[in-house]
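Student:
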Amino acid sequence: SEHMAVRTRAGVFDVSHMGEIEVAGKNAVAAVQRIACSDPAQLKVGQAQYSGLLTPQGTFLDDTIVYRMAPIHFLLVVNAGNIAKDYAWVSEQVKATGDAVAIDSSSRYALIAIQGPASREVLQPLTGVELADIAPFWFSHGEVANARATIARTGYTGEDGYEIFIPPDMADRVWQAILESGRAADIVPAGLGARDTLRLEASMRLYGNDIDESTTVLEAGLGWMIGWTNETFIGRDRLREQKDSGVSRRLVGFEMMDRGIARHGYRVMQGNKPVGVVTSGTRTPYLGKAIGMAYVVVAQSRPGTEIEIDIRGRVAKARVVPMPFYKRQK
Numbered sequence: 007s008e009h010m011a012v013r014t015r016a017g018v019f020d021v022s023h024m025g026e027i028e029v030a031g032k033n034a035v036a037a038v039q040r041i042a043c044s045d046p047a048q049l050k051v052g053q054a055q056y057s058g059l060l061t062p063q064g065t066f067l068d069d070t071i072v073y074r075m076a077p078i079h080f081l082l083v084v085n086a087g088n089i090a091k092d093y094a095w096v097s098e099q100v101k102a103t104g105d106a107v108a109i110d111s112s113s114r115y116a117l118i119a120i121q122g123p124a125s126r127e128v129l130q131p132l133t134g135v136e137l138a139d140i141a142p143f144w145f146s147h148g149e150v151a152n153a154r155a156t157i158a159r160t161g162y163t164g165e166d167g168y169e170i171f172i173p174p175d176m177a178d179r180v181w182q183a184i185l186e187s188g189r190a191a192d193i194v195p196a197g198l199g200a201r202d203t204l205r206l207e208a209s210m211r212l213y214g215n216d217i218d219e220s221t222t223v224l225e226a227g228l229g230w231m232i233g234w235t236n237e238t239f240i241g242r243d244r245l246r247e248q249k250d251s252g253v254s255r256r257l258v259g260f261e262m263m264d265r266g267i268a269r270h271g272y273r274v275m276q277g278n279k280p281v282g283v284v285t286s287g288t289r290t291p292y293l294g295k296a297i298g299m300a301y302v303v304v305a306q307s308r309p310g311t312e313i314e315i316d317i318r319g320r321v322a323k324a325r326v327v328p329m330p331f332y333k334r335q336k
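If you want it as structure tokens, here you go:
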């Protein structure tokens, strides 16, 4: 029901557990170019991009959204479970670049997301910022319910919506104000369970499930995030090689043909031969079917290919399908 509310109306999420790392100083651009595999130097102030923090092997330390707050000031939003690891690594890269500083400012921000088709009409009465003027992956500064806020048109649900950065002591006020403003639109508070089924329908990767330090950007099907014009990011050489030689496995979407739900870690089989592993799986409320993502050998990765999944000793048939499973109508 939370899931359906977000797809049809709107839901509001407390995602304050996410981490924030800021990089600033004379050499901030050079530092962030090392750190992020997109091309942050191309960002205008007020613009954001999805990116990765990579090992030299081109695999994920984490995925992140990079926000350009000012010409020499960037904010990286990182996954909660990786804050300490990411901050240590980012600090190391910033130190190697020189003339810039990295700060873990996770405790300085609360983060509230409103997601779904009714997001704008619910949020607009609470702010003087003209929300229609914020394009996807851009942000603006202003106030929400009289709290100073940064409002970004980003999210993790496949719906339109906004993520609102506010001081932690204002979080409760802003949360209540959004729910109050959304009463007529019947919006609901939504939890991390709904966030997970929503992001999976939208084929968004989850760190620790679909991407980690053993999976490269190209294997994960995220080649579009790479800023090849950025010559200095860590992991670039390895990804260049992999782009030329091709990947041996690929993250694909599948839907179950037989009963059952495939879960993280289940084996993908072809006959008696293991050909891959499931990374995420669920029964989706909106599409009404069991779907998932899995790494499979390239030979089995084409949409339409039938695969078998070992569900606790029972073989269940599934079919590779194109991703995303769900794409909202613009």
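Just so we're aligned, residue 7 is where the sequence shown starts under our numbering, counting upward by one. Glycine is no exception: its CB is placed at the ideal position from the N, C-alpha and C atoms.
(1) Taking three-plus beta-carbon pairs below 8 Å as touching, is the segment 273-292 in contact with the segment 301-313?
(2) Kindly indicate the opening and closing residues of the beta strand (DSSP E) around R256.
(3) Can you tell me which of the three DSSP states R273 falls into?
(4) Mind checking which residues open and close the alpha helix (DSSP H) that includes K91?
(5) Compute the distance between the beta-carbons of C43 and G233, then report whether it is under 9 Å.
(6) Does the segment 16-35 come close enough to the segment 187-205 that 3 or more CB-CB pairs lie under 8 Å?
(7) Between which two residues does the alpha helix (DSSP H) containing R189 stretch?
(8) Please tell me whether A177 and I71 are closer than 9 Å, where the distance is taken between their beta carbons.
(9) Between which two residues does the beta strand (DSSP E) harbouring K249 extend?
(10) How big is the Cα-Cα spacing for D68 and T221?
(11) If we call anything under 9 Å between Cβ atoms a contact, is M275 one with E247?
(12) For I184, does the three-state DSSP call read helix, strand or coil?
(13) Could you have a look at M75 and say whether DSSP puts it in helix, strand or coil?
(14) May I ask you to report which of helix, strand or coil DSSP gives W230?
(15) Between I172, A30, R201, R179, which has its C-alpha nearest S113's C-alpha?
(16) Expressed to the nearest angstrom, what Euclidean distance is found between the alpha-carbon atoms of Y285 and V302?
(17) Which residue wins for smallest C-alpha separation from V327, given the options A300, Q335, R334, R320?
(18) Should Q335 be labelled buried (16 or more other beta-carbon atoms within 10 Å of its own) or exposed?
Tutor: On the basis of the supplied data:
(1) Yes, the segment 273-292 is in contact with the segment 301-313.
(2) The sequence position of residue 256 within the sequence shown is 250, counting from 1. First-last of the beta strand (DSSP E) with R256: 255-262.
(3) Position 267 of the sequence shown holds residue 273. Correct three-state label for R273: strand.
(4) Taking the first residue of the sequence shown as position 1, residue 91 is located at position 85. Per DSSP, K91 is one residue of the alpha helix (DSSP H) stretching across 89-103.
(5) Translated into positions along the sequence shown, residue 43 becomes position 37. Translated into positions along the sequence shown, residue 233 becomes position 227. The Cβ atoms of C43 and G233 sit closer than 9 Å to each other.
(6) Taking a cut-off of 8 Å on C-beta distances, the segment 187-205 touches the segment 16-35, as three or more cross pairs fall below it.
(7) Numbered from 1 along the sequence shown, position 183 holds the residue referred to as residue 189. Counting along the chain, R189 falls outside any alpha helix (DSSP H), and DSSP gives it neither H nor E.
(8) Taking the first residue of the sequence shown as position 1, residue 177 is located at position 171. Taking the first residue of the sequence shown as position 1, residue 71 is located at position 65. No; because the gap between Cβ atoms is not below 9 Å, this pair is not in contact.
(9) Taking the first residue of the sequence shown as position 1, residue 249 is located at position 243. That residue, K249, is in no beta strand (DSSP E); its alpha helix (DSSP H) goes 242-251.
(10) Position 62 of the sequence shown, counted from the first residue, corresponds to residue 68. Position 215 of the sequence shown, counted from the first residue, corresponds to residue 221. Taking C-alpha positions only, D68 is separated from T221 by approximately 11 Å.
(11) Counting from 1 along the sequence shown, the entry for residue 275 is found at position 269. Counting from 1 along the sequence shown, the entry for residue 247 is found at position 241. Cβ distance not < 9 Å, so M275 and E247 don't count as in contact.
(12) Residue numbering aside, residue 184 sits at position 178 when the sequence shown is read from its first letter. Collapsing the DSSP output to three states places I184 in a helix.
(13) Taking the sequence shown and counting its residues from 1, one reaches residue 75 at position 69. The three-state secondary structure of M75, taken from DSSP, is strand.
(14) Residue mapping note: residue 230 aligns to position 224 of the sequence shown, counting from 1. In the structure shown, W230 sits in a helix (DSSP, three-state: H, G or I).
(15) Taking the sequence shown and counting its residues from 1, one reaches residue 113 at position 107. It is I172.
(16) For this step, residue 285 is matched to residue 279 along the sequence shown. For this step, residue 302 is matched to residue 296 along the sequence shown. The identity of residue 285 in the sequence shown is Thr, whereas the question assumes Tyr. A straight line joining the alpha-carbon of T285 with that of V302 spans about 10 Å.
(17) Counting from 1 along the sequence shown, the entry for residue 327 is found at position 321. Minimum Cα distance to V327 is reached at A300.
(18) Position 329 of the sequence shown, counted from the start, is the residue given in the question as residue 335. The residue in question, Q335, is exposed, as its Cβ has fewer than 16 Cβ neighbours within 10 Å.
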